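As structure tokens, the structure follows; a few thoughts come after it.
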Amino acid sequence: MEAIDILMEEHRVVERVLDALETAARRLSEGEPIRAGFFVDAAGFIKGFADGCHHMKEEGVLFEAMVAHGMSREEGPIQVMLVEHERGREYTRAMREAAERLAAGDAAALDGVVRNAQDYVALLRQHIVKEDRVLFPMASRVIPPENQAKVTEDFERIEHEETGEGVHEKYLAVAEALEAEANQ
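Here the numbering used here is used: the first residue of the sequence shown is 920, the next is one more, and so on.
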């Protein structure tokens, strides 16, 4: 299923940012100088790409197609994914808020930056594994082949109409910048 391939490729980009975020949080917790804006930038990537582009495809298209073909939204795998998406949004908001306080000189916010970054990374790593190994293969089985092309078309519509041209290139550049900064 081509749509699943798109989502899995996006997961690989998200994982690159997770690696950078994990490294930066560890370094910050060890007292190394990490720019507070790094975490604000990471939160921007998460909101714009992981949540805005990727989760929009999952929640607005893939999950809807799975529900239309008999799966429950209120219980089971889709419900778990939706709860985890929301938990990720909460960690991201809290990380951004703490990073903004840290940037403004509130040294006590450091622990909130580190904790929320680490919690987000841990959540998303296991979330991606569940989607890649369980949910996406399930979607390929549940959504009939004649309907799978429509899912891919709807993904393309989201790319062009909802998120705008060049969004992947923009966020790939952000991912590369975060990787470079975390590992310098």
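Glycine residues also receive a C-beta, built at the ideal position from the N, C-alpha and C atoms.
None of these values were measured; they are calculated from a predicted model.
Helix, strand or coil at residue i [DSSP, three-state]
i	result
E996	One point to set straight first is that residue 996 is Pro, not Glu, in the sequence displayed. In this structure, P996 counts as helix in the three-state DSSP scheme.
S991	coil
D1038	helix
P1063	coil
A1068	helix
A1018	helix
G1031	helix
Q1103	coil
D1073	helix
A1026	helix
G1085	coil
Anticipated Cβ contact below 8 Å, residue i with residue j, distance rounded
i	j	result
A944	V1033	5 Å
F1055	V980	Between V980 and F1055 the Cβ distance is about 13 Å, and since that is not below 8 Å, they are no contact.
I965	S1059	Not really, about 27 Å apart at Cβ, beyond 8 Å.
L940	A955	Between A955 and L940 the Cβ distance is about 13 Å, and since that is not below 8 Å, they are no contact.
D1038	Y1010	5 Å
M985	I1062	7 Å
C-alpha distance - residue i paired with residue j, whole-angstrom precision
i	j	result
V936	K976	19 Å
E1078	L1091	14 Å
I953	V933	20 Å
Nearest residue (CA-CA) to residue i, options the options
i	options	result
I1047	E949, E941 and A969	A969
V959	R1044, K1069, E1095 and A1036	A1036
M1057	V932, F964, S991 and E934	S991
Q1103	F957, C972 and L1043	F957
A987	I953, I1077 and V1070	V1070
R1076	E1009, M985, H973 and L940	H973
E1100	G1007, H930, T942 and L1043	T942
R1012	A1026, E1050, L1021 and G963	G963
E1098	E928, I925, D938 and E921	D938
E1095	R931, E921, H1004 and I925	R931
Item to check | Secondary structure, alpha helix (DSSP H): runs of 4+ residues fully inside the stretch 944 to 983 | outcome: 955 to 964
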